[in-house]
Each structure stands twice: as structure tokens, then as C-alpha cells.
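Read the structure below first, then the notes.
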Amino acid sequence: MSKRLKNLITAELESKFHGADSVVIVDYTGIDAKTTGEVRGALRSKKVKFTVVRNALAAKALETVGLKGLRDILVGTNAVVYGGESVVDVVKELVEQAKKVEKLKIKGAIVEGQLLDAKAAAALAKYPSKKELQSNIVGQAVGPARKIAGQIVAPGRKIAGIVKAVIEKKEKETPAAAA
């Protein structure tokens with residue numbers, strides 16, 4: 337392959353990886369085209385991209401966009417998986433696909449500048465997703481305010497209950513007095 341063509345491919349990969357703060361490297365050796373297409377389709381539904389790469393070109397492109405350290409992992413047949421809501425969502429989907437397609441293997445990842453080996457990258461699937469974490473934080477922030485609001489309203493509810501009971505008692509007494 338000519339140097340010019342390599343530079344064009346590297347530039348294209350750089351534009352694809354630009355803005356990604358995390359990527360996962362997978363080995364898809366021995367998976368037929370139909371199965372690879374099914375895996376890509378499942379990933380695409382989660383807004384995750386599966387890009388088959390030439391190792392040297394991918395390593396250069398990833399380093400250029402700030403994702404350094406994958407050169408040692410990029411050996412053999414590889415694809416770079418990136419995108420989605422968060423890297424946790426990407427890994428969760430890859431683990432699901434690996435259950436269906438045994439030959440699909442997670443080799444490693446770069447997560448916000450941190451290099452993870454295959455075991456650590458696969459362990460990300462056990463963590464809550466970004467949306468789950470956000471909802472937990474919001475719940476914890478709103479919880480005390482909800483308790484305070486309940487404490488403020490409680491005396492008013494008691495008074496309203498007492499007033500209602502007095503009204504009901506008077507309504508029962510009034511028909512008897514009229515007779």
C-alpha cells in the first residue's frame with residue numbers, strides 16, 4: 337500500500353475517532369461475514385460503531401486523537417468499537433454479543449486515557465451506565481428535600497384532619513337538633 341493511501345486511511349480513521357474518549361478493541365477472528373453483520377447491527381442499534389482496522393494505521397490514528405497505549409493490543413485481527421452513551425454501555429453490549437458469538441473477544445480498552453486489559457475492560461459491564469449513575473445522583477439530591485417538604489406539610493395535614501373531623505361531627509349533630 338502506498339504511503340499516500342496509508343495517510344488517507346489514517347486521516348479517515350482520525351476523523352472517525354475524533355471526540356471519542358474511550359474505545360474498546362475486539363478480536364473477531366473466525367467470525368463469518370453474516371455473524372459480523374449481525375453483531376454490527378446490534379451495536380448500531382445502540383449507536384455504537386464497529387470499525388475493522390489495519391493495526392499500524394489504527395494505532396497511529398488513535399495516538400493522534402489522544403488515545404495512546406493500544407499499540408501492544410493491536411496484534412492480529414482487530415476492530416475498534418466506540419460511540420454509544422458511555423464505554424460501559426459499549427462493553428455491556430459487547431459482552432452480550434460475545435455470549436452469542438463465542439469467537440468475539442474483548443482484547444482491551446482505553447477509558448479516558450487509562451489503558452485496560454481484557455479482564456478489566458470486560459469488568460466494565462458490571463458497572464452502572466451513565467444514565468443509571470445520573471438517576472442515582474438525582475435521587476440522592478432530591479431525597480432530603482422530599483423529606484423536608486414532608487415535614488413541613490405534616491402539621492398542616494394534621495390540622496386539616498382535625499378540622500374535617502370537627503365538621504363531620506357538627507354535620508351529624510345538626511340533623512338531630514333540627515328534629
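Numbered according to my numbering, the sequence shown spans residues 337 to 515.
Note that beta-carbon positions come from the ideal geometry of N, C-alpha and C, so glycine has one too.
Which class does residue 297 belong to by DSSP, given the choice of helix, strand or coil? No statement about residue 297 is possible, as the shown extent of the chain runs from 337 to 515 and does not include it.
CB of residue 353 within 7 Å of CB of residue 395, strictly: no
Would you say residue 447 and residue 358 are within 7 Å of each other, going by their C-beta atoms? yes
Bridge partners - residue 358, DSSP secondary structure assignment: 447
Rounded straight-line distance, which links the Cα of residue 483 to that of residue 412: 57 Å
Measuring only the C-alpha atoms, how far is residue 419 from residue 370? 22 Å
Contact under 7 Å by Cβ, residue 378 with residue 433: yes
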